[in-house]
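Written out below as structure tokens is the structure these notes cover.
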Amino acid sequence: MIRCAICGTENLRPTRLCGNCGNALQLGEGHGPAERRHVTVLFCDLVASTSLSQEIDAEDFGEILVRYRNIVAESAERHGGHLTRFYGDGAMLCFGYPTAHEDDTVNAVRCGHHIVDSMKSLDYSQFGPISWTPAARVGIHTGLTLVGDLGFGELKDRGNLIGEVPNLAARIQQQAPKNGIVMSSITRRLIESRIDCRPLGLVQLPGTREPIALFESLGVRTDLDDPLQVQVAVAGPPIGRDAEYNLIVSRWELARAGNGQIGVLVAEAGMGKTHLIRAVAAQALGENARLLIAACLLETSGSVLHPIASMIRRELGLSGLDVDQAMEALRAALAPLGGDEPTAHAVATLLGFAEPEGSTILSTSVNRAQAFALIAEWIVAAADNRPTLFVVEDLHLADPSTRQFLAELTDRIAGASCLLLGTMRPSAPPLWDHRSHGFTLHLGRLPSLSVVRLIESVTRLMGETGDREVLSDDAIHHISQRSDGVPLYIAEITKEAIENRQHGLRRNGTLELVIPPTLQELLLSRLDRLGPAKPIAQLASCLGSEFGGELLAALHAGNPADLREFLDVLVSAEIIIRHGLSNNARLSFRHSLFQEIAYNSLLRSQRRAYHAQIAKLIPDGFPSVAEKKPEILARHCAEGGMPELAIQHWRKAAHLAYSSSGFVEAVDFLHSALDQLPYIAPEATRIGLDLALQVDLGTALIATRGEASPEVEQAYSRAEMLLQRNHGKELSFSALRGLQAFYQVRGPLRTSHQLCERLNIVANTTGDPIAKVEALRRLGWCLFCKGDLIKARDHLHEAIELYSPRNAEEHIIGHSVDPLVLGRINLAWLEAIAGDADKATREANEAIRYGSELGHGLSLAYGLGISAAVYQTLGDAERAEQYASETLTLARRRHLPYWISFGTLMKGWSRAASGAVDGLVELDAGLKAYRATGARLFVPYALALKAEAMLRSSRAADAQNLLTEALREASELECRFATPQIMHLAATCALQMTKNALAVAPAFDAALSEALSIGAGQLAERVLSDAAKAEVWTSQEIAALRARRRDL
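In the working numbering, the protein residues as written are 59 to 1106.
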């Protein structure tokens, strides 16, 4: 007996529907716990049932209702759907649960047509003359829903559907015409190449916020059933399948010559089997070959010889003929082959339009064998007249009779001009092995170059240009990684990326690649085929795309032997890869898509419980993970509902990333931590954590975006505001340091100087040696930029003396750079400008040596970049270019836009100074890139370098305009270290334009005075040298001025 879960009535086991309420009976204990599933829901309704119930007796109405329900139940079973339940004269069917298939959506539409067609032929004559005509309406919608057994005990609701999808399907059904099938645009998009439909326009459904587009299905078509579909295929092999295509074509050539061949393409769905066959078929049709196509379908996998019968009916034109006409046409086709009447009748029986003759099993089996032989002879004879390509799609869905027939056909083909080419899944048993005229071809994943070509091809087909404006290199890289070389995944993810590139961006600007709806069915069907191993895949999905076998074993509550067996299933199904032979080997999902689909199928409550369990297990059981990869633990804490712990571990991950120059990763970790703040209730705790995170974020953003970026200002300004609210004195230095860094490169330097003074006050108050070194170094650099070289030198020397190498890691983690590297290179540039080349060179070499020893990317990039400026100041273009090139190499590898721009600027000057024609172009590019970072500090200096290059090209007027702009910028910034150079170049411009030394003497005098006032001996000497060459002053005046310079 089976107890109905809806009404409680006990029913006999063979019964499909409950005899009391008519709902579908559930065998066993239901479908298991609820899941989040991507499903297609069909809702059908009996048309005009209310008026019918008023017209006939209730008992008769009940009988019609039962017949209607049987039609619905039989249609659901035939097309792989699950009958959820009946609602009076309405019925809800689910496709994609409890087991998903890759054709669930199209099968739902087929089911709808089957219901409608069956209703048209419903016999109701026994109930007397009535005005009612049997008809149904069908609505179909696809999407994510909650499905499975809900509730507990007596309240358990088995196999139910919860969410928007079933509700919309019911409302869409109301829009269907009599005997019509209407679907949403989402459903139609998934199968638009498989159906014919007409648009119904935008419709506002009851209870919905926005109107949705609806479509009426006119019928389902099977692509390969129509040879014309093949004729329009693009000639040549699909992208990345040249070798496979050429192998099949070579076998086709043998077949054409009378050496029949049999082959099978083996691969999982999405690997391009059908596309490859279409390309071969296009080649064959171009040679006037005959094309026979048999398609094995899920819904006919239990129908005897259905694929072969459908192919014969199509080839002989039997569709639409009555029985007598069909028999006549069949006899005519078989007569030349010597088929007698009993055999012809047996063939007709297999084709489904004749009743079997003979009453014994022996006679039936004999007729069947003769029918098989005659059909095979028909195929071979046709191939003798015209070379034939016989394609059988999806052999893994073939019924036993079809498999038997094809096995017998293979031997007959050996001497015929025929290539029998099938496709199948790896899990299906082989049909033919070790025959000399047979071959098996396993389709592998596409190589990376082919993946890129396919992405570009899909982009062009979508009407785009195919250039990098449409999909960035980053997007193409992500598509390649996620698709793992599977052609269908590549195509569908690319389409999704193009359609969503404007609104599918992550916080860091990269493309957010979601699983396209077109792949949901395919991936879920792979997951469902795992059977009892599926929960292990779901549990593993919570661990991430890669995880340790030991960690999974610790989480698994069952028998270890069962876990090993289930993992073997997952590895065999190519869901998971095992990296090693031991039980504790590393494991990873074959595709990130498999991990996502398994993860998304879990309820949020299940995910939270798994993550919480993992978060509690890692610190004690796997301490190395918590220590070296705290971001892993942070993610599990966040997903497990432990936000404070998540923030703690993400901050630790960010600090570790700082120390290895992983600033991009640090920014991501800190943003993830900030996302947890809304889940922390106590305001004081939340403000304190927010403050700490903003300071950390500002530090990381300085490296990735540059100190002048708006994001840096925003982070530190918020930190300052939170500091005032929280009175967090222990964090004041970090907050002030961040704001100082921002104003140092954005200006005005007066504000930066004030913040430097505050930093030194805080450092002296706390007595923190690390803060003291930081504060002194920053003050010295600020004073250098302001043109106070004497005080700057003192502060830089003091910072260098106080620095301890033991504190290097704390400096880097707390302040993102090493102050000894920066202090020495700052001092090197100061000495170069002051005129002491030996000291400048010595300090620069020490800075680079120590920076290389530390191996900290940002500190070393700073040292290399300013070294290029040191040698520019000393007039050594060769060394300047060397350090500029090293800066660019490192900055590009570490993704440091500020130093990329500065390196480009210095390299441009070096090349221009060496006479290279492209130097000015590179200089200009560097200046634009520098300004793009938001920085202003070096703009006057950069404009001076560009003006110098223009002077070399005799473009004095253009250079003069740049120098005027440079002086204005320097004044606004209060930046004086480069003003002597700017004024010297302005004087040189005037001399080049006027050729009058006397007239330009005041300009040279102003430049010299500026150089001497800030202690820039090197720049002063350069002014004197150029003035002497131009005879601006007398030799006695020059000597006196040089003496004054030496006194400084």
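Virtual Cβ for every residue (Gly too), placed ideally from N, Cα, C.
Predicted model, so just to flag it, every value in this text is computed and none were measured.
Check: residue i C-beta below 7 Å from any heavy atom of the ligand COA
{"i": "Gln653", "result": "The model depicted lacks the ligand COA and carries no ligand whatsoever."}
When the options are compared against residue i, the one with the closest alpha-carbon
{"i": "Asp754", "options": "Glu741, Leu123 and Ser730", "result": "Ser730"}
{"i": "Gly961", "options": "Ala970, Ala971 and Arg950", "result": "Arg950"}
{"i": "Arg493", "options": "Leu582, Asn317, Ala340 and Ala325", "result": "Asn317"}
{"i": "Val196", "options": "Gly186, Gln184 and Gly170", "result": "Gly170"}
{"i": "Cys152", "options": "Ser189, Thr203 and Leu123", "result": "Thr203"}
{"i": "Arg426", "options": "Asp254, Leu888, His694 and Ala404", "result": "Ala404"}
{"i": "Gln1107", "options": "Pro955, Ser189 and Arg540", "result": "Given a span of 59 to 1106 for the chain in the structure shown, any question on residue 1107 remains unanswerable."}
{"i": "Ile858", "options": "Gly845, Asp846 and Leu834", "result": "Leu834"}
{"i": "Asn165", "options": "Val338, Ile129, Leu780 and Arg252", "result": "Arg252"}
{"i": "Asp181", "options": "Ile122, Asp1063 and Ser133", "result": "Ile122"}
{"i": "Ala993", "options": "His637, Leu581, Ala704 and Arg763", "result": "Arg763"}
{"i": "Leu703", "options": "Leu478, Pro235, Tyr737 and Tyr861", "result": "Tyr737"}
{"i": "Ala439", "options": "Arg348, Ser508, Glu117 and Gln1076", "result": "Arg348"}
{"i": "Glu160", "options": "Asn1054, Glu901 and Pro575", "result": "Pro575"}
Endpoints, the alpha helix (DSSP H) within which residue i is located
{"i": "Thr157", "result": "Looking at the DSSP string, Thr157 is not in any alpha helix (DSSP H), and its letter there is neither H nor E."}
{"i": "Glu274", "result": "It is not in any alpha helix (DSSP H) - Glu274 instead sits in the beta strand (DSSP E) that spans Ile270 to Val278."}
{"i": "Thr947", "result": "Ala935 to Arg952"}
{"i": "Leu447", "result": "It is not in any alpha helix (DSSP H) - Leu447 instead sits in the beta strand (DSSP E) that spans Thr446 to Glu451."}
{"i": "Thr1046", "result": "Thr1037 to Thr1052"}
{"i": "Phe960", "result": "Pro955 to Ala971"}
{"i": "Thr1022", "result": "Ala1014 to Leu1031"}
{"i": "His137", "result": "Counting along the chain, His137 falls outside any alpha helix (DSSP H), and DSSP gives it neither H nor E."}
{"i": "Thr991", "result": "Where Thr991 is concerned, there is no enclosing alpha helix (DSSP H), given that its DSSP letter is neither H nor E."}
Cβ-based neighbour list, residue i, same chain, cut-off 6 Å, excluding 5 preceding and 5 following
{"i": "Ile676", "result": "Val683, Ala684 and Leu691"}
{"i": "Gln782", "result": "none"}
{"i": "Ala1086", "result": "Ile1096"}
{"i": "Val875", "result": "Leu916 and Ser917"}
{"i": "Ala935", "result": "Ser968, Ala971 and Ser972"}
{"i": "Thr249", "result": "The sequence given here has Ile at residue 249, not Thr. If we look at Ile249 and ignore the five residues flanking it on each side, its Cβ neighbours are Thr163 and Val164."}
{"i": "Ser541", "result": "Tyr547, Ile548 and Ile551"}
{"i": "Ala829", "result": "Phe791 and Ala821"}
{"i": "Arg256", "result": "Glu274"}
Same chain, Cβ closer than 7 Å to residue i, five either side skipped, listed in chain order
{"i": "Val544", "result": "Gly328, Met329 and Arg503"}
{"i": "Val627", "result": "Leu588 and Ala591"}
{"i": "Tyr155", "result": "Arg95, Val97, His140 and Val205"}
{"i": "Arg816", "result": "Leu794"}
{"i": "Arg666", "result": "Glu697, Gly698 and Gly699"}
{"i": "Leu981", "result": "Leu963, Gly966, Trp967, Ala970, Leu1003, Lys1004 and Ala1007"}
{"i": "Arg314", "result": "Pro445 and Ser475"}
{"i": "Leu797", "result": "Tyr774, Glu778 and Leu813"}
Close beta carbons around residue i, own chain, < 8 Å, minus the five adjacent residues each side
{"i": "Leu728", "result": "Trp708, Arg709, Ala712, Leu751, Asp754, Leu755 and Ala758"}
{"i": "Met700", "result": "Ala670 and Ala673"}
{"i": "Pro998", "result": "Ala1024, Leu1025, Glu1027, Ala1028, Leu1031, Cys1033, Ala1036, Thr1037 and Ile1040"}
{"i": "Arg229", "result": "Gly197, Leu263, Pro264, Gly265 and Thr266"}
Span of the beta strand (DSSP E), counted from its first residue to its last, around residue i
{"i": "Met482", "result": "Cys476 to Met482"}
{"i": "Leu100", "result": "Glu93 to Leu104"}
{"i": "Met241", "result": "Ile239 to Ser242"}
{"i": "Tyr145", "result": "His140 to Tyr145"}
{"i": "Gly259", "result": "Ile253 to Val261"}
{"i": "Gly923", "result": "Looking at the DSSP string, Gly923 is not in any beta strand (DSSP E); the run it does join, the alpha helix (DSSP H), is Gly915 to Thr931."}
Original post:
What runs of the beta strand (DSSP E), each 3 residues or longer, lie entirely inside the segment 568-648?
Top reply: 604-606, 634-637 and 644-647
Original post:
Would you call the segment 662-676 and the segment 618-630 touching, i.e. three or more CB-CB distances under 8 Å?
Top reply: no
Original post:
What are the uninterrupted segments assigned as alpha helix (DSSP H) that are 4 or more residues long and contained completely in the segment 297-376, given in chain order?
Top reply: 300-314, 331-344 and 364-374
**OP:** Please go through the segment 737-766 and give each complete alpha helix (DSSP H) segment of 4 or more residues, from N-terminal end onward.
**Re:** 741-763
**OP:** Let me know the alpha helix (DSSP H) ranges lying completely inside the segment 866-895, each 4 residues or longer, listed in chain order.
**Re:** 866-873 and 877-892
**OP:** Taking 8 Å as the threshold, find out whether the segment 1063-1073 comes into contact with the segment 1037-1050 through three or more Cβ pairs.
**Re:** yes
Subject >> contact_flag[the segment 504-513, the segment 298-313] where n(CB pairs < 8 Å) is 3 or more >> reply: yes
Subject >> Within the segment 792-865, ranges of the alpha helix (DSSP H) (whole runs, at least 4 residues) >> reply: 807-824, 827-844 and 847-860
**OP:** Only counting runs of 4 or more residues, tell me where the alpha helix (DSSP H) segments fall wholly within the segment 651-727, in order along the chain.
**Re:** 662-679, 681-686, 688-697 and 701-717
Original post:
Using 8 Å as the threshold, is the segment 332-349 in touch with the segment 446-456, meaning 3 or more CB pairs across them?
Top reply: yes
Original post:
Do three or more CB pairs link the segment 843-853 to the segment 1025-1040 at distances below 8 Å?
Top reply: yes
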